[in-house]
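Counting from 48, one number per residue, gives the positions in the sequence shown under our numbering.
The C-beta atom is built at its ideal place from N, Cα and C for all residues, glycine as well.
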Amino acid sequence: MSLISLDRWRGKVAIITGASAGIGAAIAEQLVQEGLQVVGLARRVERVEELAKKLKGKKGKLHAVKADISKEEDILNAFKWTSDNVGPVHILVNNAGVAQKTNLTTEGDTEKWRQIFETNVMGLCIATREAVKIMQAKKIDGHIIHINSIVGHRILTLPGRNVYPASKFAVTALTETLRHELRHLGLKIKITSLSPGRVATEFGQNVVTDPKILEEMKKLPRLTSESVANAVLYVLSTPPDVQIPELMIQPMGEEF
Ligand SMILES: NC(=O)c1ccc[n+]([C@@H]2O[C@H](COP(=O)([O-])OP(=O)(O)OC[C@H]3O[C@@H](n4cnc5c(N)ncnc54)[C@H](OP(=O)(O)O)[C@@H]3O)[C@@H](O)[C@H]2O)c1
Numbered sequence: 048m049s050l051i052s053l054d055r056w057r058g059k060v061a062i063i064t065g066a067s068a069g070i071g072a073a074i075a076e077q078l079v080q081e082g083l084q085v086v087g088l089a090r091r092v093e094r095v096e097e098l099a100k101k102l103k104g105k106k107g108k109l110h111a112v113k114a115d116i117s118k119e120e121d122i123l124n125a126f127k128w129t130s131d132n133v134g135p136v137h138i139l140v141n142n143a144g145v146a147q148k149t150n151l152t153t154e155g156d157t158e159k160w161r162q163i164f165e166t167n168v169m170g171l172c173i174a175t176r177e178a179v180k181i182m183q184a185k186k187i188d189g190h191i192i193h194i195n196s197i198v199g200h201r202i203l204t205l206p207g208r209n210v211y212p213a214s215k216f217a218v219t220a221l222t223e224t225l226r227h228e229l230r231h232l233g234l235k236i237k238i239t240s241l242s243p244g245r246v247a248t249e250f251g252q253n254v255v256t257d258p259k260i261l262e263e264m265k266k267l268p269r270l271t272s273e274s275v276a277n278a279v280l281y282v283l284s285t286p287p288d289v290q291i292p293e294l295m296i297q298p299m300g301e302e303f
């Protein structure tokens with residue numbers, strides 16, 4: 048008999064940060080199809096609302112909440128709205144992430160560096176803390192998934208990266224530190240870092256703006272957002288006694 052099943056999550060609440068595009072939207076779509084109540088956070092909330100309309104009539108439901116994950120107040124408000132209107136969070140997917148066109152040297156832009164860390168690291172930490180507080184208070188054996196990156200594990204010789212890999216290395220460290228903290232607290236909340244290689248999304252289009260290079264990049268092996276969402280469903284479907292702290296997923300033939 049297969050132990051893999053999403054049954055225990057059906058009807059439960061999942062919060063996904065950055066649900067307006069790419070990987071986050073694909074995860075939202077698949078979790079709604081599996082019957083979850085999904086709260087999708089993004090600045091471009093109208094995109095999440097559009098997706099919610101498209102998903103009407105599916106087993107679960109998508110709720111759109113406007114939030115800038117680099118602002119603590121927005122995160123706190125989004126968690127409160129979710130508890131008050133949908134229910135206590137069982138799954139948190141920290142997916143919102145950003146890269147910026149700058150470098151570490153001559154052009155280094157402090158504000159751009161700051162935005163990367165505020166979004167990819169601080170936003171993730173604040174959302175995680177809020178989720179754990181609710182899960183602990185309500186005795187929920189929940190699951191927190193960080194959408195990390197292959198560059199959170201090794202530095203690739205790609206241009207225009209600046210502090211982005213450092214922000215993802217921080218996510219790798221935060222995953223392990225959280226796993227130990229949860230264990231010391233005696234909580235059965237799972238933590239998973241999911242680290243994709245290149246994915247075909249709008250990500251990085253603010254970094255690589257040359258249309259020729261963008262066309263060349265499209266020819267490289269890339270995962271679909273749906274494949275990354277499938278990996279999220281897989282880690283969620285593991286039985287309560289199985290922990291997947293890290294899952295790396297790359298397109299076949301990726302050059303690094
Ligand atoms: N694409 C890749 O090749 C790749 C590879 C490995 C890892 N990743 C990681 O995967 C995650 C998702 O990226 P993606 O490829 O799906 O990129 P994407 O298509 O650009 O989507 C990024 C999402 O993050 C949200 N976001 C960014 N800043 C935000 C903020 N301050 N507040 C709230 N939401 C914010 C965006 O929403 P709004 O703009 O509407 O707020 C959007 O929904 C990121 O963490 C990225 O680092 C991507």
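The alpha-carbon of Q162 is positioned some 14 Å away from that of K215.
Taken from the Cβ of T219, every heavy atom of ligand 1 lies 6 Å or farther away. About 5 Å separates the CB atoms of G189 and I236; that is less than 8 Å, so the two are in contact.
Shortest gap from the CB of V145 to any heavy atom of ligand 1: under 6 Å. By a beta-carbon distance limit of 8 Å, I62 does not contact L151. Their separation comes to about 33 Å. In the structure shown, T239 falls within a strand segment according to DSSP collapsed to helix, strand and coil. Distances from the CB of T248 to the heavy atoms of ligand 1 include at least one below 6 Å. Boundaries of the alpha helix (DSSP H) harbouring G69: 69 to 80, taken from the DSSP string. In the DSSP assignment, Q297 falls outside any beta strand (DSSP E) and carries neither an H nor an E.
Looking only at A213, D131, V86, L221, the smallest Cα-Cα distance to T239 is reached by L221. In the displayed model, L234 falls within coil according to three-state DSSP, outside both helix and strand. Taken in chain order, the complete alpha helix (DSSP H) segments of 4 or more residues contained in the stretch 126 to 208 are 157 to 164, 171 to 184.
With contacts defined as CB atoms closer than 7 Å, V210 and W128 fail to qualify as a contacting pair. Contact annotation: the stretch 135 to 149 touches the stretch 178 to 197, with at least three C-beta pairs closer than 8 Å. Annotation for P298 indicates a beta carbon at 6 Å or more from all heavy atoms of ligand 1.
Per the DSSP secondary-structure output, I116 pairs with nothing in a beta bridge. When the Cα atoms are used, L232 and R176 turn out to be separated by approximately 13 Å. G82 and I260 have their alpha carbons spaced roughly 40 Å apart. Ranked by Cα distance from I173, the first of T204, L225, Q147 is L225. Under the Cβ criterion (8 Å, minimum of three pairs), the stretch 62 to 71 does not count as touching the stretch 288 to 301.
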